[in-house]
DNA sequence: TTTCGGTTGTTGCTTAAGCAACGAACTAAG
DNA sequence: CTTAGTTCGTTGCTTAAGCAACAACCGAAA
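Residue numbers (this note's numbering), protein chains in the order written: chain A, 46 to 274; chain B, 46 to 274.
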């Protein structure tokens, strides 16, 4: 287990918790580490779950089935990524299935133990609870930002908003992203071809400069203006 | 304060907490009750907040300013509605302004006191923490359902999905809603005229039956089929 | 009763962007 | 080097739905 401490400590759930604190918590929670073969299911659509999972090794996908049976990719999870956190706190059924894309390993923390402070009142336990709320809250806001994009009427507005947002997040006007074109099109909910078309138009108009997955904002005022409509 | 106990106890935050438990918690938290005149601000866009607010009396609106300065209505809050809960848990700035639409009264609970169990380890305090996480999680899932609608490509698909979803939520195939047409159009992110047009088409095709704000699903199989594309 | 604000339905016109198909560039494996 | 898989750009065609404008309806207030 020790080999995974760095991964755990890098997650938002254990942010700010010392190594000693982590060990106390593991002592207390006794989380289960499970190994999955490629194609096995970590969390099944339509079921409740009361465990918070963290991927330790390998890759997993969050997928959803459309009414006509097709599979839609929702998220991609790697080491350090957390799943089941929002679900555990609610009494709802999982909206997604988490599927092992490669052989992988995950650790499961029982939600009830996390949310109930134990007698010893570890300082780190309290930090963990705050982190849990913060983790869920941040997921909410991330989703909220996406909704703000999705409700914009034109692709141009979506792109302007997204570019400004991303620049603000990264703290610079020249930045690159990990998403590829198809991924960005998915996120913005548009056609990949339309995305290419619009990005080129914007480059021609002198609003931005493109190079592969790098973006440079040339005229933020105009971008802000066009983000509105 | 006693007069507002029923409102507090009806909220998701105090769900399952006894009157005695509520009084203990109030004793412990000493939340502030504030009165606002119409037009005053309960929570300002762009600022952090570390209080969880509950409307006790009157009406307030959650609004957002678009880049070009226009005001967009996000939510409408009445007695028993909670705000600032997701925000408090994060270290982010508020994405909305909460504005008193009428004279109103709200109570503010300090987040830090809620998230830190105190020495006395009230049973109800623990319930409250669970409720807080549940409240935030449910807001997340509500948003998630909306995203699922927004990413559908056609209005027909959005409507089919929404109708099936709403019927499932209300547990019957004939139901009515509180939203008016404009509100529903906003939620689905489409034009009100297009919404009317499409609903009528669907009625003509024998998929549904309409009467004002009542909907009757006639052919759920066809609806499910068309929800996909 | 009349009037008025608010909510719906309706309908042409216009357009942003979906769709489909193909070609170019790049990478990795054989 | 060859081949095969992936990603990205490009471009006509087509259409869903946005936009604007008006008419019908309804309930509340005057």
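Backbone N, C-alpha and C define an ideal beta-carbon position, used for all residues, glycine too.
Between residue i and residue j, what straight-line distance do the alpha-carbon atoms span, to the nearest angstrom?
i                      : j                      : result
residue 249 of chain B : residue 231 of chain A : 33 Å
residue 273 of chain B : residue 63 of chain A  : 48 Å
residue 72 of chain B  : residue 182 of chain A : 27 Å
residue 159 of chain A : residue 116 of chain A : 33 Å
residue 262 of chain B : residue 211 of chain A : 42 Å
residue 139 of chain A : residue 266 of chain A : 42 Å
residue 66 of chain A  : residue 54 of chain A  : 10 Å
residue 167 of chain A : residue 167 of chain B : 17 Å
residue 190 of chain A : residue 213 of chain A : 13 Å
residue 278 of chain A : residue 68 of chain A  : Since the first residue shown for chain A is 46 and the last is 274, residue 278 of chain A is missing from the structure and cannot be characterised.
residue 208 of chain A : residue 259 of chain A : 11 Å
residue 90 of chain B  : residue 129 of chain B : 11 Å
residue 99 of chain A  : residue 223 of chain A : 22 Å
residue 270 of chain B : residue 203 of chain B : 12 Å
residue 52 of chain A  : residue 121 of chain A : 17 Å
residue 164 of chain B : residue 229 of chain A : 49 Å
residue 92 of chain B  : residue 247 of chain A : 33 Å
residue 61 of chain A  : residue 264 of chain B : 54 Å
State yes or no: is the C-beta of residue i within less than 8 Å of the C-beta of residue j?
i                      : j                      : result
residue 161 of chain B : residue 171 of chain A : yes
residue 200 of chain B : residue 239 of chain B : yes
residue 33 of chain A  : residue 234 of chain A : Residue coverage of chain A in this structure runs from 46 to 274, which leaves residue 33 of chain A outside it and unanswerable.
residue 94 of chain B  : residue 180 of chain B : no
residue 279 of chain A : residue 133 of chain A : Because chain A is modelled from 46 through 274, residue 279 of chain A falls outside the range shown and cannot be assessed.
residue 70 of chain B  : residue 136 of chain B : no
residue 268 of chain B : residue 205 of chain B : yes
residue 185 of chain A : residue 185 of chain B : yes
residue 192 of chain B : residue 188 of chain A : yes
residue 104 of chain B : residue 84 of chain B  : no
residue 242 of chain B : residue 227 of chain B : no
residue 148 of chain B : residue 81 of chain B  : yes
residue 101 of chain A : residue 151 of chain A : yes
residue 174 of chain B : residue 174 of chain A : yes
Would you say residue i lies against chain B (beta-carbon separation less than 8 Å)?
i                      : result
residue 60 of chain A  : no
residue 175 of chain A : yes
residue 204 of chain A : no
residue 107 of chain A : no
residue 185 of chain A : yes
residue 95 of chain A  : no
residue 266 of chain A : no
residue 137 of chain A : yes
residue 161 of chain A : yes
residue 75 of chain A  : no
residue 222 of chain A : no
residue 124 of chain A : no
residue 196 of chain A : yes
residue 245 of chain A : no
residue 179 of chain A : yes
residue 140 of chain A : yes
residue 249 of chain A : no
residue 239 of chain A : no
residue 214 of chain A : no
residue 145 of chain A : no
Does residue i come within less than 8 Å of chain A when only Cβ atoms are used?
i                      : result
residue 111 of chain B : yes
residue 134 of chain B : yes
residue 227 of chain B : no
residue 188 of chain B : yes
residue 182 of chain B : yes
residue 171 of chain B : yes
residue 242 of chain B : no
residue 78 of chain B  : no
residue 230 of chain B : no
residue 191 of chain B : yes
residue 151 of chain B : no
Are the region 152-169 of chain B and the region 64-81 of chain B touching by the rule of at least three beta carbon pairs closer than 8 Å?
-> yes
Whole beta strand (DSSP E) elements within the region 97-154 of chain B, 3-residue minimum = 105-110, 116-122 and 142-145
Pairing CB atoms from the region 102-112 of chain A with CB atoms from the region 129-148 of chain A, are three or more of them under 8 Å?
-> yes
Would you check if there are 3 or more beta carbon pairs closer than 8 Å linking the region 214-222 of chain B to the region 254-266 of chain B?
-> yes
In the region 200-243 of chain A, which residue ranges form an unbroken beta strand (DSSP E) of at least 3 residues, counting only runs that do not cross its ends?
-> 219-221
Can you check the region 49-86 of chain A for any beta strand (DSSP E) of at least 3 residues that lies completely inside it and give the ranges in chain order?
-> 77-81
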